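Asks: The structure's right below; bear with me while I get my questions together.
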Amino acid sequence: DGRDEGMLIRGGNQLGGEVAVSGSKNAVLALLAASLLSSGASLRLSNVPLQLTDVRNMVSLLASLGVAHRADPEAGTLDLDCSRLTSVTPQPRYVRALRASFLVTGPLLARAGEACVALPGGCKIGTRPVDLHLKGLAALGADIAFSGESVHVTAPKDKGLRGAEVCLDYPSVGATETIMMAACFAEGETVIANAAREPEVEELGKFITKLNPGVAIRGLGTSRVVIRGIGASDMRQASSSSSSSSSSSSSVAHHVIPDRIEAGTFLACGAITGSEGLTLSGVHYPHVAGIAEVLEEMGAQVRLSDDGGSLTISADRRHGGGGSGRGGLLRAVPLIETSPYPGFPTDMQPLMCSLLSASSGAAVVRETVFENRMSACVELVKMGAAIDIRGQSAFIRGCGLEGTLRGASVSASDLRAGVALVVAGLAAKGETVVRDMSHIDRGYVNLESKLKHLGADIERISLDNSRNE
């Protein structure tokens, strides 16, 4: 499962060439949960990163509920038949392996009137409680009961869910998505105030209205989202008619948006290795504009193709490219502070710590989204980075002309920390071993082969006692 494997990187190579950005992991996990809202239509998702552990776990979780599927990893397509649910209790082992698994609570409640879901697991980057999800469902009229490590959510049998105004204490992506899905089959309008504005939330809203044309959603991409549900009775009537005429049931196709964090990762790879030109194809620029702007402030050049479908970064240190600092080194920016979209994404924070450690100058990186996301910095110090962690802030003094990062044996404690260490290893002198590939395999498709294609000296290895120190 990757825990006994590592990534060996021999740093110093300048990356270049073209790489295709995979479909968004975070978007597709929500779409898979939302597929439970479909009781008749056949579904086909394309641009699905089926190689990812998280995606495979979510598909297995749906199968435990009775969803039939056919996957083609090479083509990136996934066909789903959600017409016959056999359970409202997903297998706990899949739920506990995946934080996003809790998203099935909303659509199960809407469609079946109840859900019994284990409390979820996932990356160890803070508590990430599901209380906002449950408060939103309770506002729609759901009854919430805890039993051991599970929660049982039920809709009133006499009147079903009712539209309501839900004001989130924090613009949580998961809570916004859960409430949106449950509200689809509620009676009347539901208003989510202080809603998450992330592209993945917009993507989910568009998919929901494809599945259920009677549902109307306004305000996607804003902090106020309004869902007009079709009501439980109308839902059951539509479900009955579609299941009784399966030969004529409609089909829904949806292409998953590109993964903006994977795109940001490859931009960071180009910047930290001083690329003369690293091109990302299949990228949606508005979703990565904030990342690109920070890299340009550091001295890199980021160019959008005329057709808007690809993005090229250059930061050639040998020729002082990109207007960077002394000697062509990228220069540090004074402050990077994470915040919900459209602010700087928390998932890019560990990568920026790697990049700033190899830049010239001092910087502060402040984490405001998760309370335990500085583990990458601890490992970067082993590679020679000058980082002082104070609470939720990292004070970084880039090595600049005084030296360089050096290879070391480091450990990936979570997905983004793991890939940040790989990126640091690309610029480090000597060999870097990043232990525990299970985290990286959760969120990156064929990372080592993509980096090797771009010119990195990198390979996946089995960890033995000599390296696992």
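Numbering (my numbering), first residue to last: 1117 to 1585.
Cβ atoms here follow ideal geometry from the backbone N, Cα and C, with glycine treated the same way.
Quick caveat: nothing in here was measured; it's all calculated off a predicted structure.
Inspect the beta-carbon positions of V1561 and S1525 and report whether they are closer than 7 Å.
Replies: Residue numbering aside, residue 1561 sits at position 445 when the sequence shown is read from its first letter. Residue numbering aside, residue 1525 sits at position 409 when the sequence shown is read from its first letter. In this structure, the beta-carbon distance from V1561 to S1525 does not fall below 7 Å.
Asks: Whose CA, out of R1489, Q1508, G1386, K1498, lies closest to the CA of L1531?
Replies: What you label residue 1531 is simply residue 415 of the sequence shown in a count that begins at 1. Closest option to L1531, Cα to Cα, is R1489.
Asks: Among the candidates G1347, G1229, A1501, L1214, whose CA atom is the shortest distance from the CA of V1204?
Replies: On the sequence shown, residue 1204 is found 88 positions in, with the first residue counted as 1. Ranking G1347, G1229, A1501, L1214 by Cα distance to V1204 puts G1229 first.
Asks: From what residue to what residue does the alpha helix (DSSP H) around D1247 run?
Replies: Here residue 1247 refers to the residue found at position 131 when the sequence shown is read from its first residue. 1247-1255 is the span of the alpha helix (DSSP H), which, as asked, contains D1247.
Asks: Quick check on R1278: buried or exposed, where buried means 16 or more other Cβ atoms within 10 Å of its Cβ?
Replies: The residue given as residue 1278 occupies position 162 in the sequence shown. Per the 10 Å Cβ criterion, buried.
Asks: Who are the Cβ neighbours of P1208 in its own chain at under 7 Å, not counting the five residues just before and after it?
Replies: Counting from one through the sequence shown, the residue named residue 1208 turns up at place 92. The residues are A1234.
Asks: May I ask you to list the residues that DSSP assigns as paired with M1123?
Replies: Numbered from 1 along the sequence shown, position 7 holds the residue referred to as residue 1123. M1123 is bridged to V1550, R1576.
Asks: For the segment 1368-1444, list the beta strand (DSSP E) runs that are entirely contained and at least 3 residues long, ordered along the chain.
Replies: 1393-1397, 1417-1420, 1426-1430
Asks: Does DSSP classify G1222 as helix, strand or coil?
Replies: As a first step, residue 1222 must be located in the sequence shown, where it is residue number 106. Helix, per DSSP.
Asks: Closest to S1268 by C-alpha separation, out of A1258, D1274, G1290, R1340, would be which residue?
Replies: For the purposes of this step, residue 1268 is taken as the residue at position 152 of the sequence shown. In the sequence as displayed, the identity of residue 1268 is His instead of Ser. When only C-alpha atoms are compared, the closest one is A1258.
Asks: Determine the extent of the beta strand (DSSP E) in which R1532 is found, giving its start and end residues.
Replies: As a first step, residue 1532 must be located in the sequence shown, where it is residue number 416. It is not in any beta strand (DSSP E) - R1532 instead sits in the alpha helix (DSSP H) that spans 1531-1543.
Asks: Starting from H1569, follow the alpha helix (DSSP H) in both directions and report where the run begins and ends.
Replies: As a position in the sequence shown, residue 1569 is number 453, starting the count at 1. 1563-1569 is the extent of the alpha helix (DSSP H) around H1569.
Asks: Please state whether the Cβ-Cβ distance between I1503 and A1510 is less than 7 Å.
Replies: Numbered from its first residue, the sequence shown carries residue 1503 at position 387. Numbered from its first residue, the sequence shown carries residue 1510 at position 394. The Cβ-Cβ distance between I1503 and A1510 falls below 7 Å.
Asks: Could you spell out the range, first to last residue, of the alpha helix (DSSP H) harbouring S1525?
Replies: Locating residue 1525 in the sequence shown gives position 409, where the first residue counts as 1. Run containing S1525: none in the alpha helix (DSSP H); it sits in the beta strand (DSSP E), 1525-1527.
Asks: Going by the DSSP bridge assignment, what does H1268 pair with across the sheet?
Replies: As a first step, residue 1268 is located in the sequence shown; it is residue number 152 there, counting from the start. H1268 is bridged to C1232, A1261.
Asks: Where A1311 and L1248 are concerned, what is the direct C-alpha to C-alpha distance, given to the nearest angstrom?
Replies: The sequence position of residue 1311 within the sequence shown is 195, counting from 1. The sequence position of residue 1248 within the sequence shown is 132, counting from 1. Taking the Cα positions, A1311 is about 11 Å away from L1248.
Asks: Out of V1342, S1426, A1291, state which residue places its alpha-carbon closest to the alpha-carbon of S1217.
Replies: By 1-based counting over the sequence shown, the position of residue 1217 is 101. Considering only alpha carbons, the answer is A1291.
Asks: Since F1460 sits in a beta bridge, which residues does DSSP pair it with?
Replies: Locating residue 1460 in the sequence shown gives position 344, where the first residue counts as 1. T1454, per the DSSP bridge assignment.
Asks: Helix, strand or coil: which one does DSSP assign to T1294?
Replies: Here residue 1294 refers to the residue found at position 178 when the sequence shown is read from its first residue. Note: T1294 maps to helix in three-state DSSP.
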